[in-house]
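Some notes on the structure that comes next.
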Amino acid sequence: MDKDLLKLIDDEELLTYLEQIYVINLQRNQKILNQSCEIAQILSEKNIKPVFLKGAASLLEIDYKDVGMHFLSDIDFCIFKDALQDAEKLLISA
């Protein structure tokens, strides 16, 4: 978390609230990172290479100073259309 900005807030209750949100976000983003790696590993079994998009791509590329700084709620990726059925079967079975 960018501690420099927090120094400008003079409200302990607000700071505590923001810290709680940050911790929840950090934990969720760490799960998203792990799940993204799992997806890539599962799909690689059939030589399917996903291209991660948006927030997941930013996390995987380490675009942020801290994993908890960006709010994410899902994993967006694309694959070639001809690999869709195999990918679906692999991910559902996982």
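Take the position in the sequence shown, starting the count at 1, then add 6; the result is the number in the working numbering. Just so you know, even glycine gets a beta-carbon here, dropped at the ideal spot from N, CA and C. The model shown is predicted, which means the values in this text are computed figures rather than measured ones.
Contact check, residue i vs residue j, beta carbons under 8 Å
| i | j | result |
| --- | --- | --- |
| G74 | N31 | yes |
| L12 | L21 | yes |
| L4 | N35 | Only positions 7 to 100 of the chain appear in the structure, and residue 4 is not among them; the question remains open. |
| A93 | I38 | no |
Under the three-state DSSP convention, the category residue i falls into
| i | result |
| --- | --- |
| D17 | coil |
| D10 | helix |
| D82 | strand |
| A54 | Note on identity: in this sequence residue 54 is Ile, with Ala being the wrong assignment. Looking at I54 - three-state DSSP - the assignment turns out to be coil, as it is neither helix nor strand. |
| Y101 | There is simply no residue 101 to check, as the chain begins at 7 and stops at 100 in what is shown. |
| K71 | coil |
Cα-Cα separation, residue i to residue j
| i | j | result |
| --- | --- | --- |
| D82 | L96 | 17 Å |
| A89 | Y28 | 37 Å |
| M7 | H76 | Unreliable placement is indicated for M7, whose pLDDT of 49 sits below 50; no coordinate value is reported for it. |
| P56 | S79 | 18 Å |
| I98 | A46 | 14 Å |
Identity of the residues DSSP links to residue i by a beta bridge
| i | result |
| --- | --- |
| L59 | D82 |
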